[in-house]
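Heads up: the protein sequence lines correspond to chains A and B, in order. For the first sequence, our numbering assigns the number 273 to the last residue and increments by one with no breaks. For the second sequence, our numbering assigns the number 674 to the last residue and increments by one with no breaks. Below is one structure, written out as structure tokens; comments come after it.
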Amino acid sequence: MQTPAIKVRIAECKIARAPALLKSYGLGSCVGVALYDPQTRIGGLAHILLPAWSKAKKRAGDLPRNPMKYADLALERLQEHLIEEGCAQERLEAKIAGGANMFSSLFPNPSQGPVKPTIGDRNVRAVKENLKRLGIPLRGEDVGGEEGRTLELDTSTGALRITTSRGLSRVL
Amino acid sequence: MAKPKLSIMDQLRDVHLDALQEICNIGMGHAATALSQMIGKTVNLNVPKVTLAGLDQVPDIIGGAEQVVVGIYLQVWGDFRGNLLLIFPRDSAQNLNALLTGQPATSELILSEIHASALKEVANILAGAYLGAMGNLLGLSLLPSVPSLAFDMAGAIVDYILIELGQESDLTLVVETQFFGMGSTIRGHFFLLPDPNSLKLILEASRVEPLIRSGRD
Numbered sequence: 102m103q104t105p106a107i108k109v110r111i112a113e114c115k116i117a118r119a120p121a122l123l124k125s126y127g128l129g130s131c132v133g134v135a136l137y138d139p140q141t142r143i144g145g146l147a148h149i150l151l152p153a154w155s156k157a158k159k160r161a162g163d164l165p166r167n168p169m170k171y172a173d174l175a176l177e178r179l180q181e182h183l184i185e186e187g188c189a190q191e192r193l194e195a196k197i198a199g200g201a202n203m204f205s206s207l208f209p210n211p212s213q214g215p216v217k218p219t220i221g222d223r224n225v226r227a228v229k230e231n232l233k234r235l236g237i238p239l240r241g242e243d244v245g246g247e248e249g250r251t252l253e254l255d256t257s258t259g260a261l262r263i264t265t266s267r268g269l270s271r272v273l
Numbered sequence: 458m459a460k461p462k463l464s465i466m467d468q469l470r471d472v473h474l475d476a477l478q479e480i481c482n483i484g485m486g487h488a489a490t491a492l493s494q495m496i497g498k499t500v501n502l503n504v505p506k507v508t509l510a511g512l513d514q515v516p517d518i519i520g521g522a523e524q525v526v527v528g529i530y531l532q533v534w535g536d537f538r539g540n541l542l543l544i545f546p547r548d549s550a551q552n553l554n555a556l557l558t559g560q561p562a563t564s565e566l567i568l569s570e571i572h573a574s575a576l577k578e579v580a581n582i583l584a585g586a587y588l589g590a591m592g593n594l595l596g597l598s599l600l601p602s603v604p605s606l607a608f609d610m611a612g613a614i615v616d617y618i619l620i621e622l623g624q625e626s627d628l629t630l631v632v633e634t635q636f637f638g639m640g641s642t643i644r645g646h647f648f649l650l651p652d653p654n655s656l657k658l659i660l661e662a663s664r665v666e667p668l669i670r671s672g673r674d
């Protein structure tokens with residue numbers, strides 16, 4: 102029997118209990134973060150757009166309308182929701198994929214220097230930093246490159262399947 | 458908790474969208490003429506559709522996040538900043554290429570150098586004509602950057618732009634035009650995604666009512 106897939110759109114974050122598939126289509130520079138508790142077999146998938154919400158605004162208590170856009174806020178909330186659902190904080194583990202640079206030849210801009218990290222790189226770095234901050238171990242990653250990815254988290258096993266438009270497929 | 462500040466996107470009303478549609482219609486008319494001169498065939502366009510969409514809706518507007526497309530991306534420089542994105546579904550890109558280069562596609566999955574270059578040239582011509590016409594109309598100087606091309610899933614191609622826009626707003630303005638004809642089935646979508654600040658400038662230059670009314674309302 103085919104397990105129904107739950108779609109996780111841009112700047113969304115969803116959690117599900119086994120058996121279920123959480124699926125995010127066509128990530129380029131965005132980063133998908135899968136958190137999973139192997140004991141309760143509950144998983145969550147976040148489709149993150151940006152590295153961080155403004156620090157100044159955060160201090161002032163000013164929150165964005167959609168916190169799930171930002172790596173820092175989305176991961177905090179995803180962790181909270183999973184714990185509310187019965188996951189244990191120390192059992193949560195992470196797998197991440199995405200952060201590509203789709204337009205590799207993108208306009209050289211001399212004023213900004215040639216080594217400016219791409220938004221994909223910045224997203225990946227922010228996600229890793231926040232996972233560390235929240236004490237969630239990173240168990241697998243498939244990041245960077247120049248290809249879009251579709252992600253599928255199987256909450257029965259915790260496997261994160263990645264497919265590309267060229268039909269390649271790998272499992273973390 | 459502080460109330461979120463209203464962005465310019467929240468203040469847009471039908472009158473502004475109508476003005477944008479008219480401006481884009483003129484721009485696209487010029488772009489179509491340029492393209493038909495390039496390929497020596499008539500190019501038809503439909504009236505541009507201007508929509509205010511949530512960022513997460515954009516992949517669906519261009520046919521679904523997983524749909525494989527050719528995307529050609531240009532930045533707009535000059536008096537305003539923004540992004541132009543030209544999207545061709547895979548089969549349309551191949552038909553257009555066969556028409557332009559006389560060489561059929563060799564692979565379903567990879568674009569040859571000459572095909573990629575031909576499509577970028579199409580984007581250059583469309584963008585130049587479009588921005589030129591728009592600039593003339595508004596009295597602004599608008600210049601396209603060098604085009605970049607990606608052949609991949611639509612969601613992955615647009616998220617680069619959505620990320621840039623997402624820093625300011627949860628909404629984006631999408632100007633969408635389809636062109637068709639040219640002897641074989643070729644469909645394309647043309648998107649203009651202005652930066653929020655530049656959008657204000659366009660609307661001011663087009664002299665529709667100001668965004669924030671003072672006094673009575």
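Built from N, CA and C at the ideal position, the CB exists for glycine as well. Owing to the predicted nature of the structure, the values given are computational and were not obtained by experimental measurement.
Chain B residues whose Cβ lies nearer than 8 Å to that of residue i
| i | result |
| --- | --- |
| S201 (chain A) | Note on residue identity: the sequence assigns Ala, not Ser, to residue 201 (chain A). Those within 8 Å of A201 (chain A) in chain B are A613. |
| L197 (chain A) | The question names Leu, but residue 197 (chain A) is Ile in the sequence shown. Going along chain B, no residue has its Cβ under 8 Å from I197 (chain A), so there is no contact; the nearest lies around 16 Å. |
Exposure label - residue i; buried when at least 16 CB within 10 Å
| i | result |
| --- | --- |
| F208 (chain A) | Any reading at F208 (chain A) must be qualified, since the residue scores a pLDDT of 43, below 50, and its modelled position is unreliable; the value itself is stated next. Classification for F208 (chain A): exposed. |
| R670 (chain B) | For R670 (chain B), the pLDDT reaches just 46, beneath the cut-off of 50, and the residue's location in the model is therefore unreliable, although a value from the coordinates is still provided. Counting Cβ neighbours within 10 Å, R670 (chain B) comes out exposed, since fewer than 16 surround it. |
| L477 (chain B) | buried |
| V507 (chain B) | buried |
| R250 (chain A) | buried |
| P561 (chain B) | exposed |
| E248 (chain A) | buried |
| L123 (chain A) | buried |
| Q624 (chain B) | exposed |
| P211 (chain A) | Confidence at P211 (chain A) is low in this model, with a pLDDT of 48, below 50, so its placement is unreliable and the value that follows should be read with caution. Burial call: exposed. |
| V526 (chain B) | buried |
| T499 (chain B) | exposed |
| T104 (chain A) | exposed |
| A112 (chain A) | buried |
| D255 (chain A) | buried |
| Q494 (chain B) | exposed |
| D475 (chain B) | exposed |
| L269 (chain A) | exposed |
First and last residue of the uninterrupted beta strand (DSSP E) at residue i
| i | result |
| --- | --- |
| C114 (chain A) | 114 to 118 |
| L600 (chain B) | 599 to 601 |
| L541 (chain B) | 539 to 546 |
| V515 (chain B) | Counting along the chain, V515 (chain B) falls outside any beta strand (DSSP E), though it belongs to the alpha helix (DSSP H) covering 515 to 518. |
| A260 (chain A) | 260 to 264 |
| I107 (chain A) | 106 to 108 |
| Q532 (chain B) | 525 to 535 |
| R192 (chain A) | Run containing R192 (chain A): none; DSSP gives neither H nor E here. |
| G521 (chain B) | Segment: none, G521 (chain B) is in no beta strand (DSSP E) and carries neither H nor E. |
| L274 (chain A) | Here chain A comprises residues numbered 102 to 273, so residue 274 (chain A) is not present and cannot be evaluated. |
| R644 (chain B) | That residue, R644 (chain B), is in no beta strand (DSSP E); it is neither H nor E in DSSP. |
| R271 (chain A) | 270 to 272 |
Chain A contact residues for residue i, given Cβ-Cβ distances below 7 Å
| i | result |
| --- | --- |
| E523 (chain B) | Y126, G127, T251 |
| I519 (chain B) | The contacting residues do not exist; I519 (chain B) stays about 10 Å from chain A at best. |
| S549 (chain B) | Per Cβ cutoff of 7 Å: no residues; S549 (chain B) is ~16 Å from chain A at best. |
| Q468 (chain B) | Chain A residues near Q468 (chain B): none, gap ~15 Å exceeds 7 Å. |
Partners in chain B for residue i, counting only beta-carbon separations shorter than 7 Å
| i | result |
| --- | --- |
| E181 (chain A) | By Cβ distance, chain B contributes nothing, its closest Cβ being about 17 Å from E181 (chain A), past 7 Å. |
| S130 (chain A) | D616, Y617, I620 |
| E248 (chain A) | D609 |
The alpha helix (DSSP H) enclosing residue i, as first and last residue numbers
| i | result |
| --- | --- |
| G728 (chain B) | For residue 728 (chain B) there is no data in the structure shown, the boundaries of chain B being 458 and 674. |
| Y587 (chain B) | 570 to 595 |
| K657 (chain B) | 653 to 662 |
Partner residues on chain A for residue i, Cβ-Cβ distance less than 8 Å
| i | result |
| --- | --- |
| L566 (chain B) | S266, R267, G268 |
| G623 (chain B) | A112, L150, L151, K170 |
Per-residue contacts from residue i into chain A (C-beta, under 9 Å)
| i | result |
| --- | --- |
| L588 (chain B) | Under the 9 Å cutoff, chain A gives no residues; its nearest Cβ is about 16 Å from L588 (chain B). |
| D627 (chain B) | A112, P165, R166, N167, K170 |
Min CB distance residue i to chain E below 9 Å
| i | result |
| --- | --- |
| L649 (chain B) | Absent here is chain E; the protein component of the structure consists of chains A and B. |
Quiz item: Listed in chain order, which residues of the segment 104 to 117 of chain A have Cβ atoms closer than 8 Å to some Cβ of chain B?
Solution: R110, I111, A112, E113
Exercise. Write down every uninterrupted run of the beta strand (DSSP E) in the segment 468 to 507 of chain B whose length is 3 residues or greater and which is fully enclosed by it, in chain order.
Key: 500 to 502
Quiz item: What residues from the segment 163 to 174 of chain A come within 8 Å of chain B, judged by C-beta to C-beta, listed N to C?
Solution: D163, L164, P165, R166, N167, K170
Exercise. Please list the residues of the segment 138 to 156 of chain A that have a C-beta atom closer than 7 Å to any C-beta atom in chain B, keeping them in chain order.
Key: L150, L151
Practice problem: Please list the segments of the beta strand (DSSP E) lying wholly inside the segment 198 to 258 of chain A, counting only runs of 3 or more residues, in order along the chain. | Solution: 239 to 244, 250 to 255
Quiz prompt | Whole alpha helix (DSSP H) elements within the segment 132 to 172 of chain A, 4-residue minimum | solution = 156 to 160
Exercise. Please list the residues of the segment 486 to 516 of chain B that have a C-beta atom closer than 7 Å to any C-beta atom in chain A, keeping them in chain order.
Key: L512, D513, P516
Exercise. Give the residues from the segment 220 to 251 of chain A that approach chain B closer than 9 Å (Cβ to any Cβ), ordered along the chain.
Key: I220, G221, N224, E247, E248, G249, R250, T251
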